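Numbering (my numbering), first residue to last: 8 to 226.
Note that CB positions come from ideal geometry on N, CA and C, so glycine has one too.
The model shown is predicted, which means the values in this text are computed figures rather than measured ones.
A short worksheet on the structure shown next.
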Amino acid sequence: MDRLVDLLPQLWEATAETLYVVSLSLVFGGIAGLFVGLALYATRAGSLFPNRFLFGTINVIVNFFRPIPFVILLAAVQPIARSLGIPGIGPEFGIFAITIASLFAISRIVEQNLLTVRPGVIEAARATGASRSRILLRLLPREALGPLILGYTFIVVALVDMTAIAGAVAAGGLGEFAIVYGFKQFNPAVTWAAVLVIIVIVQLVQFLGNALARRVLRR
């Protein structure tokens, strides 16, 4: 326990690193995933901009990357990161790898939630003269906002998990803290302290996401 007290500054630093990696990964992956998801929805048969070739291409790419276990994806994208001038370890690499993983997961969540919007809503918008682009970029996200918030909440929780896993390749955060100071030094108290902080972060994210989604769905 004394060792844990001595490591409290490192624990808070690791927590800050985790939040930093999760936040930037959510911004980059969230925005990219949103547009890929919109493209998947818009180009499918019978949608606003049907394009069989484009939909098939994007769909295959998403289906290729999405099932890859994150720990394997870490190793797979490391050479790509280095070729782009990103270090193969550290928080920057963690952000790069997690952004790629989250992009494809988010795109599928966005697509599936947009599909829940009733066709009558789209038909009514078309009848009032709304353009297809306006419907895609403004109407549909607004109509599916509640489920989208829940979907993004799920992704944020997954990002926290990914950040912990990325600690195995010295990507910083609570994962690396638990491995270096807990597992490698045979100190379970340190490991469980990291676990407790992760649980608190996840519970806060889930609570805030659920509360925001409920507020939106009541409107």
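Item                                                                                                                                                               : Value
With C-beta atoms as the reference, is Ala53 less than 8 Å away from Val117?                                                                                       : In the sequence under discussion, the amino acid at residue 53 is Gly, which differs from the Ala named in the question. Not in contact: Gly53 and Val117 (Cβ atoms no closer than 8 Å).
Here's the rule: buried if 16 or more other CB atoms are within 10 angstroms of the residue's CB, otherwise exposed. What is Ala175?                               : exposed
So, using beta-carbon positions, are Ile93 and Phe103 closer together than 8 Å?                                                                                    : yes
By how many angstroms is the C-alpha of Ala201 removed from the C-alpha of Asp168?                                                                                 : 12 Å
What's the C-alpha gap between Thr18 and Ile208?                                                                                                                   : As written in the sequence, residue 18 is Leu, which differs from the Thr given in the question. Approximately 14 Å between the Cα atoms of the pair.
Where does Gly136 fall in DSSP's three states?                                                                                                                     : coil
Locate the alpha helix (DSSP H) running through Gly53, then write down its first and last residues.                                                                : It is not in any alpha helix (DSSP H) - Gly53 carries neither H nor E in the DSSP assignment.
I'd like to know if the stretch 209 to 216 and the stretch 173 to 191 are in contact, where contact means that at least 3 CB-CB pairs between them fall below 8 Å. : no
Beta-carbon within less than 7 Å of Leu55's beta-carbon, same chain only, minus the 5 sequence neighbours each way: which residues are those?                      : Ala49, Arg139, Ile142 and Leu143
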